[in-house]
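Notes to accompany the following structure.
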RNA sequence: GUGGGUGUAGCUCAGUGGUAGAGCCCCAGAUUGUGGAUCUGGUUGUCGUGGGUUCAAAUCCCAUCAUCCACCCCA
């Protein structure tokens, strides 16, 4: 036998109810984002590798260890996008979108990272994100947080999420803080875990969000990032928090929240799902006032978020059931000679209503056909035989309730169905 | 990239060296224009893959792949 070719590691097939759940989450994001007057942007899945190296930072894990790279036929290095923000900002610069506008853009699509697969972590995963460009006002930070809050509320998962927020200030402030932190931790570095020791040299800020308890103890006496922020940064952060309080959006100040990508400035935020295992970051984002200049554009402030659809689905699954629905009405022709009439009836239903209609295809006894009708999950089956074809009627049978079947004129079918649907 | 668990029928799983099993599902009949419930009968397998030990391997050993959990990282 010929060998089966499986799907690529970390890249899954999503079927039936699981696919419906993802679609539902996506459509809620779409509706809420559009209600805030955000407009959709679709950028390529493949970009020059350089875009991510420069945008996210050469030494970030997402770029250094996890990027899918591919050599194009003309020997240029391309990459499958590991996230969406760099592409959106690149597009805004290339299309000159900020020249006379403050674009409010949202996107959705697959992202790729070469990581070890785990629950809630895949090598191909779905992001939905939004970016507001050209606005410095803290209101733009708040607005994005409000959008995601609305989405979670609409999905009915608000009680399972927690918003964490912090400000990491300007890159100057972070440089000052980095020096202070290193000075403070160097003498006690023997108390740190191995990863944190490495980070002390490579990326000291990331020590802050270490999960190792002993390291967190050491950090209690270390300098605080908040104390290194400029007066302006503090003021604008207070304003963001104020807006959240006025809107009754609950948050947790998390001074150890630092982001893994280099482009963030000032406000950073993240929603954590409760009871989810290790991969519990559902949505994260923040301000990135320096990104456009990194990518060769004019200085333009920006703020955005990205949400992991699969992770939100994992949480949603714990809280809500989603049914697999494929058929409302199953149409059965008794014999081959009734097929033409069945086709006519099925098409009438499809064009005259929004029900899902499936016509039985294949030979078999009526018994078998009805079993297929039952298995399809349909609410009704329409049976069409000699009598029905002759009188131009249909026999309508309930599959889910004990109710008598009835034979009705074809011309009354749609109105009869609507009457039953209302009931 | 590191550590650990698990891979047996379409699904959930039992089977610790001696003929590959159960439940559910599926198929046929009881019931030739009526599904589901019941009864009767039936089908379903490279035991993840490759090698090794053994008279004999689903079972023991090695490797490998997949998957799950944790680390790491992140959405």
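Residue numbers (our numbering): 916 to 1338.
A virtual CB, placed ideally from N, CA and C, is assigned to each residue, including glycine.
Residue burial annotation: residue 1081 is buried, with at least 16 other C-beta atoms found within 10 angstroms of its C-beta.
Counting C-beta atoms within 10 angstroms of its own C-beta, residue 1250 has fewer than 16 neighbours from the protein chains shown and is therefore classed as exposed. For residue 947, the enclosing alpha helix (DSSP H) begins and ends at 931 to 950. The C-beta separation of residue 1201 from residue 1174 comes to about 6 Å, placing the pair in contact by the 8 Å criterion. Here DSSP, grouped into helix, strand and coil, assigns residue 1034 to coil. Rounded to whole angstroms, residue 1302 and residue 934 show a C-alpha spacing of 41 Å. Assignment of residue 1077 by DSSP, reduced to helix, strand and coil, places it in the strand class.
Nearest to residue 1060 by C-alpha distance, out of 1322, 1234, 1330 and 1222, is 1222. Beta-bridge annotation (DSSP): residue 1026 is paired with 1040.
Looking only at 1216, 1141 and 1133, the smallest Cα-Cα distance to residue 1053 is reached by 1216.
Nearest in C-alpha terms to residue 1064, of all of 1163, 1289 and 1256, is 1163. Per the C-alpha coordinates, the member of 1042, 948, 976 and 984 positioned closest to residue 958 is 1042. By the Cβ neighbour-count rule, residue 1014 is exposed, with fewer than 16 other Cβ atoms within 10 Å of its own.
Excluding its 5 nearest sequence neighbours in each direction, residue 1229 has C-beta neighbours in its own chain below 8 Å: 1034, 1035, 1188 and 1191, listed in chain order.
Between residue 1152 and residue 1182, the C-beta spacing is below 8 Å. Sixteen is the threshold: since fewer than 16 other Cβ atoms of the shown chains lie within 10 Å of the Cβ of residue 954, the residue is exposed. If you look at residue 1267, you'll find it in the alpha helix (DSSP H) that goes 1254 to 1267. In this structure the stretch 1234 to 1251 touches the stretch 935 to 947; the number of beta carbon pairs closer than 8 Å is three or more. Secondary-structure assignment with DSSP links residue 1200 through a beta bridge to 1184 and 1220.
Secondary structure at residue 1046: strand, using DSSP grouped into helix, strand and coil. Taking a 10 Å sphere around the C-beta of residue 1037, we find 16 or more other C-beta atoms and assign the residue as buried. Short of 7 Å from the beta carbon of residue 1139, and not among the five residues preceding or following it, lie these beta carbons of its own chain, in chain order: 1170.
Judged by DSSP secondary structure, residue 1274 falls within the beta strand (DSSP E) whose first and last residues are 1272 to 1274. Contact between residue 1049 and residue 1091 is absent: CB atoms are separated by about 28 Å, not below the 8 Å threshold.
Here residue 964 is near residue 994, since their CB atoms are less than 8 Å apart. DSSP places residue 1303 in the uninterrupted alpha helix (DSSP H) bounded by 1301 to 1306. Buried is the label assigned to residue 1304, since at least 16 other Cβ atoms lie within 10 Å of its Cβ. The beta carbons of residue 996 and residue 1023 sit no closer together than 8 Å. Rounded to whole angstroms, the separation of the alpha carbons of residue 1244 and residue 1296 is 6 Å. Under the 10 Å beta carbon count, residue 1119 is surrounded by 16 or more other beta carbons and is classified as buried.
Contact holds between the stretch 1247 to 1263 and the stretch 1275 to 1294, because three or more Cβ pairs, one in each stretch, are under 8 Å apart. By the neighbour-count definition (other C-beta atoms within 10 Å, threshold 16), residue 1234 is an exposed residue. In this structure, the beta-carbon distance from residue 1004 to residue 1325 does not fall below 8 Å.
Per DSSP, reduced to three states, the secondary structure at residue 1312 is strand. DSSP, read as helix, strand or coil, puts residue 1244 in strand.
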